[in-house]
Amino acid sequence: MHFGMNTFTDSEWGTGHESPTTFAPTSLDTSQWARVAKDSGFSLVILTAKHHDGFCLWPSKYTDHSVKFSPWKNGTGDVVHDFVDSARAQGLDVGLYLSPWDRHEHTYGRDLPYNEFYLGQLQELLRRYRT
């Protein structure tokens, strides 16, 4: 499932400079996504938790480019949490994609600082959502 900032910017490629306030779903229903996947015969669903634009669909403590800084649910929303719970409720296995390229993060291209940043986000996903 590829849902994120570009859903709202109508762009194929995000730049990482999009304002988090652009992310403003009005009727997000991850349960519907999971039902459709299950009804279509899927056994595994994968969500792009962060694409190369760097926008995180969970409230990452490592960036200001996330749902935490969006108006959606007054900054308390967590698409990854909702998606994982909905998929598991349908008996689906869950995977998360975390892009290794982050156009928003200023340490990108500097090996050690960026690797520490990336590892921090990866650990957040693994610990919070057990995927």
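Numbering (the UniProt record's numbering), first residue to last: 1 to 131. We put the beta carbon where it would ideally sit given N, CA and C, even for glycine. Note that the structure is predicted; figures quoted are calculated from it, not measured.
Close Cβ partners of residue i (< 8 angstroms) along its chain, the five nearest in sequence each way excluded
i    : result
L125 : A49, W58, V80, L96, L98, T131
R128 : W58, V80, H81
Counted within 10 angstroms of its Cβ, other Cβ atoms place residue i as buried (16 or more) or exposed
i    : result
T63  : buried
W13  : exposed
L44  : exposed
G4   : buried
D93  : exposed
G75  : exposed
S86  : buried
G54  : buried
T30  : buried
A34  : buried
S60  : buried
H65  : buried
Q121 : buried
Nearest to residue i (by Cα), restricted to the options the options
i    : options            : result
R103 : T15, D78, V67, T26 : T15
H52  : L44, W101, K68     : W101
L28  : P20, G77, S19      : G77
Beta-bridge partners of residue i, as assigned by DSSP
i    : result
L122 : Paired residue(s): none; L122 is not in a bridge.
Y129 : DSSP lists no partner for Y129.
L96  : L47
S27  : Per DSSP, none; premise fails for S27.
S66  : C56
Cβ shell of residue i (< 6 angstroms), same chain only, five flanking positions each side left out
i    : result
A24  : P71, W72
N6   : G14
L47  : M1, F83, L96
Y114 : T107, Y108
D111 : none
7 angstroms Cβ cutoff, residue i in contact with chain B
i   : result
S86 : Structure shown: chain B not included; a single protein chain is present.
Other residues of its chain near residue i: CB distance less than 7 angstroms, five sequence neighbours each side excluded
i    : result
F117 : Y62, E105, T107
- Message: Across the segment 64-74 and the segment 30-39, are there enough close Cβ pairs to call them in contact, namely three or more that are closer than 8 angstroms?
- Response: no
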